[in-house]
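Below: the structure, in structure tokens.
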């Protein structure tokens, strides 16, 4: 920064500083070839940003914190890069210093070079003798949990509030004193269970999802709460999924005396499970037993700059320990799938991702939508412009 530049802590956010400001002090340039920078603070019109090469970017309009500012003129239909990757195309001419967002940037079909497996590199695992450990719960099927819960599963949204009421009972002081090895009783409410065709694929996926939840290694046992008239009948769900053979207790509001009676029955059913769940004790297990999923939510313009790289580093650490990390929500990688296909172990694995992407494209188009509908108004308010 030159001696005539304003210090970052002296910048008044309500008006442009009189002196030029080093771009790096108020914005982030993520890649030398990027067409935009991300504002660290709200930038006022008239602010002059000095780049490392001495060139000056004059802010033409207010740039909210976390949003993008054009570093040079971008012609209509010009490609816009962030992280050195395409994030959109100019839908109008964009001048230096202008705000770059949904009003002047859109998406269209990308021509990506998948380069299957060209950048694949085997993971250098930490030697087994040097791997870290944690205190987990080893289940009968060999999987390991980090918690030891008893769950109350709602078969339909109409019984969800009853599951919450039962779980609240076990959060009372002293309710769990006799079960020191149990980390808690948890409710598993949701908004589904009706509005689907019996025997449909949608209902089956829903049932599999619920079954996967109660078969999570963090769950030692569970009960099921039903309204009674729902499409997702508990017995049908159990017979159709991996829950078959579990023989869980099922309480039904419409036949068991109403809401309060069912809550009482649910509490009694959980109390029967707790002694067995308490027999599970923590033991030292290798970090290779960890299976961690990454979940998105509340994303804004900083997610890709801060949180995502941090989680990526954490994922690398777990994988090097022999563990597993799951990158869920396929639509979130849309526009960057070519970066993953390059790292795929085999071309067939990479093609599976592309097939999944194409399925999403066809699925959203069938209903008159677009994958770009995925970002919410809140995401966009925080600086995200599109799915890229």
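Residue numbers (my numbering): 476 to 863.
Ideal placement from N, C-alpha and C gives every residue a C-beta, glycine not left out.
Inter-residue spacing [alpha-carbon to alpha-carbon] between residue i and residue j
i, j, result
"residue 492", "residue 524", "10 angstroms"
"residue 774", "residue 576", "15 angstroms"
"residue 617", "residue 559", "43 angstroms"
"residue 772", "residue 727", "34 angstroms"
"residue 743", "residue 761", "36 angstroms"
"residue 780", "residue 542", "12 angstroms"
"residue 794", "residue 818", "14 angstroms"
"residue 668", "residue 700", "12 angstroms"
"residue 628", "residue 644", "15 angstroms"
"residue 614", "residue 713", "21 angstroms"
"residue 642", "residue 798", "32 angstroms"
"residue 856", "residue 604", "48 angstroms"
"residue 752", "residue 820", "40 angstroms"
"residue 715", "residue 636", "25 angstroms"
"residue 704", "residue 733", "13 angstroms"
"residue 686", "residue 546", "51 angstroms"
"residue 706", "residue 731", "18 angstroms"
"residue 494", "residue 599", "50 angstroms"
"residue 796", "residue 597", "13 angstroms"
"residue 579", "residue 812", "24 angstroms"
"residue 750", "residue 738", "20 angstroms"
"residue 482", "residue 518", "For residue 482, the predicted model reports a pLDDT of 47, less than 50, meaning its position is unreliable and no value from the coordinates is stated."
"residue 823", "residue 806", "20 angstroms"
"residue 626", "residue 735", "19 angstroms"
"residue 601", "residue 792", "9 angstroms"
"residue 554", "residue 544", "14 angstroms"
"residue 843", "residue 646", "46 angstroms"
Boundaries (first-last residue) of the beta strand (DSSP E) holding residue i
i, result
"residue 727", "725-727"
"residue 698", "694-701"
"residue 758", "758-761"
"residue 808", "Taken as a continuous stretch (DSSP letters only), residue 808 belongs to no beta strand (DSSP E), as it is neither H nor E."
"residue 608", "608-613"
"residue 513", "511-514"
"residue 464", "Because the chain is modelled from 476 through 863, residue 464 falls outside the range shown and cannot be assessed."
"residue 564", "560-565"
"residue 531", "531-533"
"residue 905", "Outside the displayed span of the chain (476 to 863) sits residue 905, for which this structure offers no information."
"residue 629", "624-629"
Within 9 angstroms, strictly: CB atoms of residue i and residue j
i, j, result
"residue 697", "residue 748", "yes"
"residue 767", "residue 612", "no"
"residue 537", "residue 858", "no"
"residue 776", "residue 513", "yes"
"residue 828", "residue 839", "no"
"residue 741", "residue 691", "no"
"residue 649", "residue 860", "no"
"residue 552", "residue 571", "no"
Which listed residue (the options) has its alpha carbon closest to that of residue i
i, options, result
"residue 672", "826, 500 and 711", "711"
"residue 717", "692, 739, 683 and 724", "683"
"residue 836", "567, 585 and 568", "585"
"residue 689", "792, 640 and 662", "662"
"residue 622", "632, 553, 694 and 664", "694"
"residue 764", "607, 624, 860 and 569", "607"
"residue 632", "814, 511 and 670", "670"
"residue 702", "509, 638, 745 and 609", "638"
"residue 609", "804, 758, 568 and 745", "758"
"residue 503", "549, 550 and 557", "557"
Span of the alpha helix (DSSP H), counted from its first residue to its last, around residue i
i, result
"residue 641", "635-644"
"residue 741", "734-752"
"residue 712", "709-715"
"residue 678", "676-689"
"residue 794", "782-795"
"residue 829", "822-841"
"residue 853", "852-856"
"residue 498", "498-501"
"residue 815", "812-816"
Near the ligand MN: residue i beta-carbon under 8 angstroms from a heavy atom
i, result
"residue 765", "Judged by which ligands are present, the structure shown has none, so any question about the ligand MN falls away."
Are the segment 518-534 and the segment 494-508 touching, with three or more C-beta to C-beta distances below 8 angstroms?
yes
Check whether the segment 644-658 touches the segment 678-685, counting contact only when three or more Cβ pairs, one atom from each stretch, lie closer than 8 angstroms.
no
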